[in-house]
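The numbering of the sequence shown is this note's numbering, which starts it at 27 and goes up by one.
To start, the structure itself, in structure tokens.
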Amino acid sequence: NSVAAYDGIFRLRCQSEDWVGAKRAGERLVRLELLPADKARIWCELAAIYAEQFNDYKAARKGYEKALREEEDYELALEGLAKTFVSRGEPTRAITFLTRLLEKARSERRAARVVEIGIRLGHLWENELGDLDAAIEHYQLVIAIDRRNSEARLNLAAIYLKREHFRNARLL
């Protein structure tokens, strides 16, 4: 069938790093009748190609958004949008998608994923937006889940030292 053929061509082009051919095959593939989850996955793969191979962040954003229209809260799309907005120098928009990922991970009780995203959010709030209160909140969330997380503890201690909250820093 044509879905299997275009999927094979898409995979072959990606494997051989023929990005123009992969882009063309992937764009044909998503126009075919696919399950929503398959279409979302392919849109994410195409969006990654747009961003990483062509530096076309606008097309990448649109691809990830199309994936989300197929599968609401699709993690690869949310992750891709966050990465795209960081690359474009728009950390506030990246935070929106990371926060959705964080809430999804919390609701599914995936502690390791909450820790990972919490650290990333803490970094963005601290280093990109300069909102130390928001950074503190995320680092504290990470420490509440993983008391031994050295990255969160060190970052939180550094913020406390900047604010001259020596007693709080010493307790970490």
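In this text, a Cβ means the ideal position worked out from N, Cα and C, and glycines have one as well.
When the options are compared against residue i, the one with the closest alpha-carbon
{"i": "L127", "options": "T118, E142, G115, L158", "result": "E142"}
{"i": "R39", "options": "S28, A51, L55", "result": "A51"}
{"i": "A74", "options": "L61, E105, E59", "result": "E105"}
{"i": "L147", "options": "L182, E134, Y186", "result": "L182"}
{"i": "E43", "options": "F80, L55, R57, V56", "result": "F80"}
{"i": "A103", "options": "I121, F192, E71, N153", "result": "E71"}
{"i": "T122", "options": "K88, P62, W151", "result": "W151"}
{"i": "E129", "options": "E101, L155, R119", "result": "E101"}
{"i": "D33", "options": "V46, R189, V56", "result": "V56"}
{"i": "A161", "options": "I145, S176, D172, G115", "result": "I145"}
Collapsed DSSP secondary structure at residue i in the structure displayed
{"i": "R132", "result": "helix"}
{"i": "D82", "result": "coil"}
{"i": "G115", "result": "coil"}
{"i": "S28", "result": "helix"}
{"i": "E190", "result": "coil"}
{"i": "S42", "result": "coil"}
{"i": "L150", "result": "helix"}
{"i": "N175", "result": "coil"}
{"i": "R57", "result": "coil"}
Per-residue burial, residue i [other beta carbons within 10 Å of its own, 16 or more giving buried]
{"i": "A77", "result": "buried"}
{"i": "A137", "result": "exposed"}
{"i": "F192", "result": "exposed"}
{"i": "L197", "result": "exposed"}
{"i": "A170", "result": "exposed"}
CB-CB length for residue i against residue j, believed under 8 Å
{"i": "V29", "j": "L60", "result": "7 Å"}
{"i": "A178", "j": "L187", "result": "With 8 Å as the limit, A178 and L187 do not qualify as a contact, their Cβ atoms being about 15 Å apart."}
{"i": "P117", "j": "L167", "result": "Not a contact, Cβ separation roughly 18 Å."}
{"i": "R114", "j": "Y83", "result": "5 Å"}
If contact is defined by three or more beta carbon pairs under 8 Å, each pair taking one atom from either stretch, is the stretch 86-104 in contact with the stretch 62-70? yes
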